[in-house]
Amino acid sequence: MITKFEKYNESIKSLLVGPTKEEVWKNFGYEKGFETPEEFFLYIIDGIKIIKMNKNNKKDEIYFGKNNKIYFKYILNNNSMNVLWVSINIWNILEKIFNLKILVIKSLITDIIEEKLYLKNFIPYETGSF
1349 MITKFEKYNE
1359 SIKSLLVGPT
1369 KEEVWKNFGY
1379 EKGFETPEEF
1389 FLYIIDGIKI
1399 IKMNKNNKKD
1409 EIYFGKNNKI
1419 YFKYILNNNS
1429 MNVLWVSINI
1439 WNILEKIFNL
1449 KILVIKSLIT
1459 DIIEEKLYLK
1469 NFIPYETGSF
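Under the working numbering, the first residue of the sequence shown is numbered 1349, with each subsequent residue one higher.
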């Protein structure tokens, strides 16, 4: 019989340890898993499309996603460098599961997004929500 204290300890443990890789992959709709960060990121952008666009006189915002989830927000600034906001869920997988450093993550994202989505001259950052 499991006591309330044991259930509490399991809840605390799951918060500290976090989800398993299998749980993370399942959350993204992929049961098999990913061997490399590139494979994961290519899976994320495969089939991605523009969800919505906002325009104003200072900047244009383009939201990209799939399966009713927004993964990126691209801000096209008229007077400065463009920004690509990346979902914290994607960023955390690259950082915590694949153990990539921030500069490597930025380079990976930039290279793949430039090649596959044809966006140019941007800096990627992580964001909590859109």
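Glycine included, C-beta positions come from ideal geometry on N, C-alpha and C.
In this structure, the straight-line span from the alpha carbon of E1462 to that of S1455 is close to 11 Å. Annotation for L1424: the continuous beta strand (DSSP E) segment containing it runs K1417 to N1425.
DSSP lists K1400 and K1421 as the bridge partner or partners of Y1411. Of all alpha-carbon atoms in T1368, V1372 and F1389, the one lying nearest the alpha-carbon of V1434 is that of F1389.
Taken in chain order, the whole alpha helix (DSSP H) runs of length 4 or more contained in the region 1424 to 1465 are 1436 to 1440 and 1450 to 1464. Scanning its chain for C-beta atoms nearer than 7 Å, with the 5 sequence neighbours on each side dropped, one finds around I1453 the residues W1439, L1442 and E1443, in chain order. The DSSP-derived three-state label of E1383 is coil.
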